[in-house]
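*Asks:* Here it is, the structure in full.
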Amino acid sequence: MLEKLVIKGGNRLMGEVSISGAKNAAVAIIPAVILCDEPCTIENIPNISDVSLIGRILQEMGAVVKRVNKSTLYIDPTKIYTSTAVSESVRGMRASYYLLGALLGRFHKAYVALPGGCNFGTRPIDQHLKGFAALGADHRLVERAIIDAQSPNRLMGAHIYLDVVSVGATINLMLAAVKAEGTTIIENAAKEPHIVDLANFLNTMGANIRGAGTDVIKIRGVDHLHGTTYSIIPDQIEAGTYMVAAAATRGRVIIKNITPKHLDSISAKLREMGVEIDEYDEALIVDATKKPLCRCNIKTMPHPGFPTDCQPQFAALLTTVNGTSIVNENVWDNRYQYVSELIRMGAHISVEGRLAIIEGGTELVAAPVKATDLRAGAAMIIAALCANGTTEISNIGYIERGYEEVVDKFRALGADIKKVYYSEDTSIRA
Ligand code: EPU
7 MLEKLVIKGG
17 NRLMGEVSIS
27 GAKNAAVAII
37 PAVILCDEPC
47 TIENIPNISD
57 VSLIGRILQE
67 MGAVVKRVNK
77 STLYIDPTKI
87 YTSTAVSESV
97 RGMRASYYLL
107 GALLGRFHKA
117 YVALPGGCNF
127 GTRPIDQHLK
137 GFAALGADHR
147 LVERAIIDAQ
157 SPNRLMGAHI
167 YLDVVSVGAT
177 INLMLAAVKA
187 EGTTIIENAA
197 KEPHIVDLAN
207 FLNTMGANIR
217 GAGTDVIKIR
227 GVDHLHGTTY
237 SIIPDQIEAG
247 TYMVAAAATR
257 GRVIIKNITP
267 KHLDSISAKL
277 REMGVEIDEY
287 DEALIVDATK
297 KPLCRCNIKT
307 MPHPGFPTDC
317 QPQFAALLTT
327 VNGTSIVNEN
337 VWDNRYQYVS
347 ELIRMGAHIS
357 VEGRLAIIEG
367 GTELVAAPVK
377 ATDLRAGAAM
387 IIAALCANGT
397 TEISNIGYIE
407 RGYEEVVDKF
417 RALGADIKKV
427 YYSEDTSIRA
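The opening residue of the sequence shown carries number 7 in my numbering; numbering runs sequentially from there.
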């Protein structure tokens, strides 16, 4: 059976929502356990399909992975017997490339299928491979779809300068270097909150990593990593998505279990539009009920700039305000596939290279649309919540990769949303 989201627009979001653990931290921290010499317990794990997939991949390699409760995983990596990971599960997720760094760190070799995952153009990993080579691990491409990387000896610390600020390369090189001999310095490193979270996790296991969260990370290699219990950070992008949804529906929502500092760039843009935001220690209130919102421009940048992973959701919001807003996608070459779906709903958007020009303020109308990737799917939900009529969103597997209990969370805020199952013959049943 296939699945769709069916959303009747027009309700303001009101109430409170609790944010889950960060997907992009979880998909790095779970493979990082491969490097540990003892079992680990990871808390605040989001219950999403990408996490199930990376857990299954570790099991396929010999790890014991048990869900202690909804948000806690116990992982015993001691029985991992292979540095090969080429199963369908590996091919099914983007972040499986973290197996390269983790397996190189543990076995000095890795034979890993190239990842699938979200669908927005070429996603090169040349910076990861360049860094591995600097640490002493050469690679070859097998049958265009598998990376075979190995070092004859233990990896050696090195000075690595990244040509582009890459989250994935920074994480992968931290994983490969944490048990390397000597000191590794990563320059022009990415600074995302989940990079700091991975460094904190590795340090609680006995690693020696300094500077995560700045653009120079210094890693002194250690021989052993011991077991730990660690709670991962809240999901910055899930929080941002609910903030933007609250603004788009002109609602008032309390966003709980967050780190407000991680949301500064999103809060700043919403405030610029006239949304009131009150911050507390681990929560914030988004209030768009008080005054009309105005247009704004956004430009995506590596952290602490405005996150590309909130760009589609923000574009959906900008269709609801009067005036011309310009979105400048500065991280990915091709992250506008969702625009044609918004146009089907009546949005006026034109794309010119990296720019999307949004003529906002026209009414959105319900239409059958699809999620073209994870955050595009979130943008469809936001547009559907604002649209006149009942929108059906297909391809929701993308959304479930990264949003825990998305239907329940939106419904608790007052959205008229349900998931329906249907077969190819298009007859729908709830
Ligand atoms: N790039 C290269 N060479 C490389 C690596 C990256 O040229 O070796 C380029 C990319 O083409 C892109 C830019 O550098 O233009 C940034 O890519 P980055 O490596 O930072 O992205 P990523 O690690 O593959 C992670 C997130 C993405 C998020 C980006 C940017 C994970 C699992 N994924 O991807 O998240 O968009 O960072 O912040 O952490 C999402 O959650 O929806 C998602 C796609």
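Note that CB positions come from ideal geometry on N, CA and C, so glycine has one too. Quick caveat, the model's predicted, so the values are computed rather than measured.
(1) With a 10 Å radius around its C-beta and 16 neighbouring C-beta atoms as the bar for buried, classify Arg258 as buried or exposed.
(2) Using a threshold of 6 Å, is the CB atom of Thr265 nearer than that to any non-hydrogen atom of the ligand EPU?
(3) Is the closest heavy atom of the ligand EPU to the C-beta of Thr306 under 6 Å?
(4) What first and last residue would you give for the alpha helix (DSSP H) that runs through Cys302?
(5) Using 6 Å as the cut-off, classify the Cβ of Thr397 as near or not near the heavy atoms of the ligand EPU, replying yes or no.
(6) For Gln343, which three-state DSSP category applies?
(7) Have a look at Gly123 and Asp379 and give me their C-alpha separation to the nearest angstrom.
(8) Which stretch, first to last residue, makes up the alpha helix (DSSP H) that contains His437?
(9) Need the endpoints of the alpha helix (DSSP H) that Asp270 sits in, please.
(10) Quick check: does the Cβ of Ala31 come within less than 6 Å of any heavy atom belonging to the ligand EPU?
(11) Determine whether the beta carbon atoms of Ala372 and Tyr344 lie at a separation below 7 Å.
(12) Would the segment 266–275 count as touching the segment 41–58 if we require 3 or more Cβ pairs under 8 Å?
(13) Can Val173 be considered in contact with the ligand EPU, in the sense that its beta carbon sits closer than 6 Å to one or more heavy atoms?
(14) I need the straight-line Cα distance from Gly219 to Leu141, nearest angstrom please.
(15) My guess is that Asp154 and His145 are in contact by the Cβ rule of under 8 Å, so how many angstroms apart are they, rounded?
(16) Between Ser400 and the rest of its own chain, which residues show a CB-CB distance below 6 Å, the 5 nearest in sequence each way excluded?
(17) Among the residues of its own chain, which have a CB less than 6 Å from the CB of Thr397, if the five just before and after it don't count?
(18) With distances taken from CA atoms, which of Glu187, Ala91, Leu59, Asp203 is nearest Gly27?
(19) Kindly provide the ranges of any alpha helix (DSSP H) runs that are 4 or more residues long and lie completely inside the segment 381–436, ordered along the chain.
(20) Starting from the C-beta of Ser89, find all residues in its chain whose C-beta is less than 7 Å away, skip the five residues before and the five after it, and write them out in chain order.
(21) Would the segment 412–421 and the segment 57–71 be scored as touching if the rule is three or more Cβ pairs under 8 Å?
(22) Less than 6 Å between the CB of Thr6 and some heavy atom of the ligand EPU, yes or no?
(23) In angstroms, rounded to a whole number, what distance separates the CA positions of Ile177 and Pro240?
(24) Can you tell me whether Ile152 is helix, strand or coil according to DSSP?
(25) Pick helix, strand or coil for Thr255, following the three-state DSSP scheme.
(26) So for Leu19, helix, strand or coil by DSSP?
(27) With DSSP run on the structure shown, which of helix, strand or coil describes Lys267?
(28) Helix, strand or coil for Ile36 per DSSP?
(29) Using only the heavy atoms of the ligand EPU, determine whether one of them is closer than 6 Å to the beta carbon of Arg407.
(30) Tell me whether Ser102 sits in a helix, a strand or coil according to DSSP, three-state version.
*Replies:* The short version:
(1) Locating residue 258 in the sequence shown gives position 252, where the first residue counts as 1. With 16 or more other Cβ atoms within 10 Å, it is buried.
(2) The sequence position of residue 265 within the sequence shown is 259, counting from 1. No, the Cβ of Thr265 stays beyond 6 Å of every heavy atom of the ligand EPU.
(3) Here residue 306 is taken as the residue at index 300 of the sequence shown, counted from 1. No, the ligand EPU has no heavy atom inside 6 Å of this Cβ.
(4) Residue mapping note: residue 302 aligns to position 296 of the sequence shown, counting from 1. That residue, Cys302, is in no alpha helix (DSSP H); it is neither H nor E in DSSP.
(5) The residue given as residue 397 occupies position 391 in the sequence shown. Result no, Cβ not under 6 Å from the ligand EPU.
(6) Sequence index remark: in the sequence shown, residue 343 carries index 337 (1-based). Looking at Gln343 - three-state DSSP - the assignment turns out to be coil, as it is neither helix nor strand.
(7) In the sequence shown, residue 123 corresponds to position 117, counting from 1. In the sequence shown, residue 379 corresponds to position 373, counting from 1. In this predicted model, Gly123 has a pLDDT of only 47, less than 50, meaning its place in the structure is not dependable; the value taken from the coordinates is given anyway. If I take the Cα positions, the gap works out to 9 Å.
(8) Lying before the first or after the last residue shown, residue 437 is absent from the chain, which here runs from 7 to 436.
(9) For this step, residue 270 is matched to residue 264 along the sequence shown. First-last of the alpha helix (DSSP H) with Asp270: 270–278.
(10) To locate residue 31, count along the sequence shown from 1; it is residue 25. Every heavy atom of the ligand EPU is 6 Å or more from the Cβ of Ala31, so no.
(11) What you label residue 372 is simply residue 366 of the sequence shown in a count that begins at 1. What you label residue 344 is simply residue 338 of the sequence shown in a count that begins at 1. Not in contact: Ala372 and Tyr344 (Cβ atoms no closer than 7 Å).
(12) Contact between the segment 266–275 and the segment 41–58 is not established, with fewer than three Cβ pairs separated by less than 8 Å.
(13) For the purposes of this step, residue 173 is taken as residue 167 along the sequence shown, with counting starting at 1. Yes, Cβ of Val173 sits closer than 6 Å to a heavy atom of the ligand EPU.
(14) In the sequence shown, the residue the question calls residue 219 occupies position 213. In the sequence shown, the residue the question calls residue 141 occupies position 135. In this model, Gly219 and Leu141 are separated by some 22 Å (Cα to Cα).
(15) As a working mapping, residue 154 is identified with position 148 in the sequence shown. As a working mapping, residue 145 is identified with position 139 in the sequence shown. Yes, Asp154 and His145 are in contact; Cβ-Cβ is about 6 Å, under 8 Å.
(16) Counting from 1 along the sequence shown, the entry for residue 400 is found at position 394. Same-chain partners within the cutoff: Lys10, Lys376.
(17) If you number the sequence shown from 1, residue 397 lands on position 391. Result list for Thr397: Ile13, Ala372, Ala390, in chain order.
(18) Here residue 27 is taken as the residue at index 21 of the sequence shown, counted from 1. Taking only the C-alpha atoms, the option nearest Gly27 is Asp203.
(19) As far as the segment 381–436 is concerned, its whole alpha helix (DSSP H) runs of at least 4 residues are 403–408, 412–418.
(20) As a first step, residue 89 is located in the sequence shown; it is residue number 83 there, counting from the start. So the list reads Leu109, Phe113, Lys115, Ala116, Tyr117, once near-sequence residues are dropped.
(21) Using a Cβ-Cβ distance cut-off of 8 Å, the segment 412–421 and the segment 57–71 are not in contact, since fewer than three pairs of beta carbons, one from each stretch, lie closer than that value.
(22) Any property of residue 6 remains undetermined from this structure, which presents the chain solely from 7 to 436.
(23) Numbered from its first residue, the sequence shown carries residue 177 at position 171. Numbered from its first residue, the sequence shown carries residue 240 at position 234. Rounded to whole angstroms, the separation of the alpha carbons of Pro240 and Ile177 is 18 Å.
(24) Position 146 of the sequence shown holds residue 152. Strand at Ile152.
(25) Translated into the one-based positions of the sequence shown, residue 255 becomes position 249. Coil.
(26) Walking along the sequence shown from the start, residue 19 turns up at place 13. Coil at Leu19, not helix or strand.
(27) In the sequence shown, counting from the first residue as 1, residue 267 sits at position 261. Reduced to three states, the DSSP call for Lys267 is helix.
(28) Position 30 of the sequence shown, counting from 1, holds the residue named residue 36. Correct three-state label for Ile36: helix.
(29) Residue mapping note: residue 407 aligns to position 401 of the sequence shown, counting from 1. Within 6 Å of the C-beta of Arg407 there is not a single heavy atom belonging to the ligand EPU.
(30) Sequence index remark: in the sequence shown, residue 102 carries index 96 (1-based). Reduced to three states, the DSSP call for Ser102 is helix.
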